[in-house]
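Number of protein chains: 2
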Amino acid sequence: MAESRTFVKDIADIESDFSRWYTDVVLKTRLADYGPVKGTMVMRPYGYAIWEHIQRGLDDRFKATGHENAYFPMLIPYSYLEREAEHVEGFAPEVALVTHIGAEELPEKLVVRPTSETIICEMYAKWVQSYRDLPLLINQWANVVRWEKTTRPFLRTSEFLWQEGHTLHETEAEAREETLRMLRVYEEFCQNVLAMPVLIGRKSDKEKFAGAQETYSIEAIMQDGKSLQSGTTHYFGQNFAKAFDIRFQSRAGVLEHPYQTSFGASTRLIGALIMTHGDERGLRLPPYVAPVQVVIIPIAAKKEGVLENAHRLKDRLTAAGLRVKLDESENSPGWKFNEYEMKGVPVRLELGPRDIEKNAAVLSRRDIAGEKNEVSLDGIESSVKALLDDINANMYQKAAERNRAKIVTVQNMDDLKAAADSSKFGLGMWCGERACEDKIKESLQVTTRNMPFDQTPVGSTCVCCGKKAKIKIYFAKSY
Amino acid sequence: MAESRTFVKDIADIESDFSRWYTDVVLKTRLADYGPVKGTMVMRPYGYAIWEHIQRGLDDRFKATGHENAYFPMLIPYSYLEREAEHVEGFAPEVALVTHIGAEELPEKLVVRPTSETIICEMYAKWVQSYRDLPLLINQWANVVRWEKTTRPFLRTSEFLWQEGHTLHETEAEAREETLRMLRVYEEFCQNVLAMPVLIGRKSDKEKFAGAQETYSIEAIMQDGKSLQSGTTHYFGQNFAKAFDIRFQSRAGVLEHPYQTSFGASTRLIGALIMTHGDERGLRLPPYVAPVQVVIIPIAAKKEGVLENAHRLKDRLTAAGLRVKLDESENSPGWKFNEYEMKGVPVRLELGPRDIEKNAAVLSRRDIAGEKNEVSLDGIESSVKALLDDINANMYQKAAERNRAKIVTVQNMDDLKAAADSSKFGLGMWCGERACEDKIKESLQVTTRNMPFDQTPVGSTCVCCGKKAKIKIYFAKSY
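Just so you know, the protein sequences line up as chains A and B, in that order.
For the first sequence, our numbering begins at 2 and goes up steadily by one.
For the second sequence, our numbering begins at 2 and goes up steadily by one.
Structure below.
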């Protein structure tokens, strides 16, 4: 236990310094490291492996809903950005500009994509002629660059990895349906794969994407009571289609502009799951995206047959499709326990001479502290698989309970201040005026998050101005 | 047949204009399109799907050989490039430079990675302390930018997608072993997955990677007799480790520089398979990477039960893990035959009322023209799967035979000129002098490709200068 304490001391206390706890966990579990250029991040193998599982899970869902992947160039003529007024206003200050190739100046400066609506619209204008070409449902996995002032690994980095889906539709109704469909895909993925409950709803005009008519988001509730916008879907109407002159011959034989959507989620999801599930001992990874789902730790490894049996166990579990690590290193079992707890491995199996005699192993689950159970080696593949499902369900339940306790109803600014001071979300009424949003942000550093689809009122007047209000919305501090 | 002729007329004749044939095939089968910025390419869904299968196949092999994926920032301080003299000399003229964020000039210009040795070495210097940290075997899937004067879709584009593996080792022997291991991985992948024979060997000093001590390549023989370098592995020795001060405590307790390798393959592989397998009717896609492996074409689709049975067939084949498309469009069967032949779909199944009566379908394979066979619907899943294996084997055999006929032994410049004039590779002896390579390139536009591992001499004197020569090497025009 001495080792245990020493080790966990490496991570700041989650209760008293959540922000440092986060950075410690990210760096010490080797999820990521800082890159040499300010604001950049290196995703190390342990962090990138989580991203690979997230990619696979989302990509399967995109394909199941009819989307195909493609890849568009990263460098965009600056003039494209200027074609949609709100878009250029939103992105111009933070775009990286390529001005030279070697010693030669380029005739037109190029933007490193901060998002790809413009270049994709330029291509769509070429590809789409008829209603037969619609819907056009394309997604891309790519890196984007947005130069942010304040950066943190996974949460906000100058360059990040993401996916961006861009779709065109014959009708407004279809496009709106797509916008909500993909929001639901994100929600379902977060719940079932990341064991992470999210609040879904529509953003205010102030908080929407630059150039969109409507933006919807999934908001994850972090343990410090802040909101992390973890995925967005946008309804563009015909804004970009007009700016880029995308037209198709309709069923009625007339030229029309199609209706457009986009949807995106990024490596920020990794930040979300760290801050949803982590605890005082480090990461707790949801089993379906954990790079290592089961760690096997040999006890009295030098005793005859222990390592041999440990290898056999590893091979059996691996053959069953599980991601397994056997730690044969010279470190003590105690050191290893702490290491893999900090790294958030969902299941630990200890295997020593006495266990082998009993045809069993000692099992501990990361989501429930202090519990140890003997598990028979007979049929251990299926018992571990069932356990991973159970862990996922339990992690989701725990997070959902905590979230419920983190949301309070607010009627006025005092309520909202009390909520913010106690690290909670306020759910309250809003008149819809930008002035109130600005005032709330200025005085409480709280922003509107999103308007849930269930708009059953929780009051009748705006929490800020006290005027009649019909919009129910979440308020919270945010990342 | 009238439609067939009209349709194929869209593609230039492969015999008389291979170059236009290539561009036509790429654009008309919608593998790719030109991007708005000169030299860039959009990978459309049909082309990108091939890339996804290539990625999966290579990635599985990298992981099976112990490599893990990570992601390093794309923007690299310019000064990093300058730390290795040959490296900066090789890449400086063609790098894209980020000089501004919005309206603000950056204190140091940033390079959009043309390759990532420098930034990865910077991080490795931080991560590696002891021999216990070695070998370090990391791969990254990423986009890179190299501004080339002459560009062609997939073959050479300003931005391209690739993977780059970067490894560090305790000893020179281990690093050299890794360099050859990954070369063999590329070779095996090309043969078994892309049905594409390649020539493997070491590049000359002139043709090696900027900063490497040795470069090895896989060279694919295109139908026009040109060579396409389709993947490379590099042995760096301690060059970069010294430049970036990477050091580890050895088993003997002394600080040493590790030995380094890298290996890369790109979307160029798609160009390689197009030009290896394509024919006068368009693409012929190797089955394991074909986005659509089986196309089902209903005959007399309006007759009762035809579409219903076609759907059932599609569902059965899909459930068996095959990638299947059922074309229910209004286009005529003849139009569809041509469309999917041009798109290179390996297997076509026609299903009409008479076939259904016989519990059969009519099967055509893209790799053998004009053959039609009846196939029973009983057990069609396994017969189609076996057929795809057979198609792959047959495509490999055909390509290998053609390749053999495209290599001739050369003793002197006349032989080499005759080889080049008849679109063939010359295999001959070389003295090892750069002057001879330069002269051959200048007079015949032919370059050295690589030195095969089997160095059994095919002569005793240099094809160029006539002096005594011990190196056997392939000479060819190249992309």
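Cβ atoms here follow ideal geometry from the backbone N, Cα and C, with glycine treated the same way.
What are the start and end residues of the beta strand (DSSP E) that includes residue i?
| i | result |
| --- | --- |
| L135(B) | First-last for L135(B): undefined, no H or E at that position. |
| A273(B) | No beta strand (DSSP E) holds A273(B); the alpha helix (DSSP H) holding it covers R269 to H278. |
| Q164(B) | E160 to H170 |
| A97(B) | A97 to I102 |
| I392(B) | Not the beta strand (DSSP E): I392(B) falls in the alpha helix (DSSP H), residues I381 to A406. |
| F237(B) | S228 to G238 |
| D1(A) | Absent from the structure is residue 1(A), since the part of chain A shown begins at 2 and ends at 480. |
| Y217(B) | E215 to I222 |
| A477(B) | I472 to A477 |
| P78(B) | L76 to P78 |
| V464(A) | Counting along the chain, V464(A) falls outside any beta strand (DSSP E), and DSSP gives it neither H nor E. |
| M430(A) | F426 to W431 |
Rounded to a whole number of angstroms, what is the C-alpha to C-alpha distance between residue i and residue j?
| i | j | result |
| --- | --- | --- |
| D316(A) | I297(A) | 11 Å |
| K359(B) | S330(B) | 25 Å |
| P347(B) | L59(A) | 29 Å |
| S5(A) | M343(A) | Residue confidence for S5(A) is low, a pLDDT of 41 falling below 50, so the modelled location carries little weight; the figure read from the coordinates is stated next. Distance between the alpha carbons of S5(A) and M343(A): 10 Å. |
| V27(A) | D34(A) | 8 Å |
| D14(A) | S205(B) | 57 Å |
| E438(B) | E173(B) | 29 Å |
| F155(B) | Q230(A) | 37 Å |
| F161(B) | E402(A) | 46 Å |
| G103(A) | R114(A) | 20 Å |
| Q456(A) | A93(A) | 35 Å |
| K127(A) | F426(A) | 46 Å |
| V325(A) | L378(B) | 41 Å |
| K110(A) | Y79(A) | 6 Å |
| T7(B) | M44(B) | Residue confidence for T7(B) is low, a pLDDT of 45 falling below 50, so the modelled location carries little weight and cannot support an answer. |
| T462(A) | M414(A) | 11 Å |
| L286(B) | A362(A) | 49 Å |
| K442(B) | M452(B) | 17 Å |
Quick check on the DSSP output: the alpha helix (DSSP H) that includes residue i runs from which residue to which?
| i | result |
| --- | --- |
| W482(B) | In the structure as shown, chain B starts at 2 and stops at 480, and residue 482(B) therefore has no counterpart that could be examined. |
| P334(B) | P334 to M343 |
| P46(A) | P46 to A65 |
| T319(B) | V307 to A320 |
| N374(B) | Looking at the DSSP string, N374(B) is not in any alpha helix (DSSP H); the run it does join, the beta strand (DSSP E), is N374 to S377. |
| S444(B) | R435 to L445 |
| A361(B) | Element bounds for A361(B): not the alpha helix (DSSP H) but the beta strand (DSSP E), A361 to R366. |
Give the residues of chain B in contact with residue i, contact being defined as C-beta atoms less than 9 Å apart.
| i | result |
| --- | --- |
| M75(A) | T41, M75, V113, N144, V146 and E160 |
Residue i touches chain B at which residues, Cβ-Cβ below 8 Å?
| i | result |
| --- | --- |
| E95(A) | I102 and G103 |
Taking Cβ-Cβ distances shorter than 7 Å, what residues in chain B pair up with residue i?
| i | result |
| --- | --- |
| M44(A) | A71 and Y72 |
| P136(A) | Going along chain B, no residue has its Cβ under 7 Å from P136(A), so there is no contact; the nearest lies around 13 Å. |
| E53(A) | N70 |
| D328(A) | Under the 7 Å cutoff, chain B gives no residues; its nearest Cβ is about 13 Å from D328(A). |
| Y49(A) | N70, A71 and Y72 |
| I120(A) | P37 |
So, for residue i: in the same chain, excluding its five sequence neighbours on each side, which residues have a beta-carbon less than 6 Å away from its beta-carbon?
| i | result |
| --- | --- |
| I222(A) | N404 and K407 |
| F19(B) | D225 |
| H88(A) | A211 and G212 |
| M183(B) | T234 and F264 |
If residue i sits next to residue j, beta carbons under 8 Å apart, how far is it from one beta carbon to the other, in whole angstroms?
| i | j | result |
| --- | --- | --- |
| E165(B) | A143(B) | 7 Å |
| A176(B) | Q250(B) | Contact flag wrong, Cβ pair sits at about 18 Å. |
| K468(B) | C432(B) | 5 Å |
| Y72(A) | Y49(B) | 6 Å |
Name, please, each residue of chain A whose Cβ falls closer than 7 Å to the Cβ of residue i.
| i | result |
| --- | --- |
| V99(B) | A97, L98, V99 and V113 |
| V123(B) | First, the residue type needs correcting, since residue 123(B) is Glu and not Val in the sequence shown. Per Cβ cutoff of 7 Å: P37. |
| I139(B) | P46 |
Starting from the C-beta of residue i, find all residues in its chain whose C-beta is less than 7 Å away, skip the five residues before and the five after it, and write them out in chain order.
| i | result |
| --- | --- |
| R84(B) | T119, A244 and F245 |
| G67(A) | L138 |
| S267(A) | F161, L162 and W163 |
| E257(A) | R248, F249 and S251 |
Just the chain A side, please: which residues come within less than 9 Å of residue i by C-beta, in chain order?
| i | result |
| --- | --- |
| P78(B) | P37 and V38 |
| D34(B) | M124, K127 and W128 |
If I measure Cβ to Cβ from residue i and keep anything under 8 Å in the same chain, skipping five residues before and after, which residues do I get?
| i | result |
| --- | --- |
| R1(A) | Any answer about residue 1(A) is impossible in this case: the structure gives chain A only from 2 up to 480. |
| K39(B) | T152 and S159 |
| I275(A) | Y23, V26, V27, L32, F155 and L284 |
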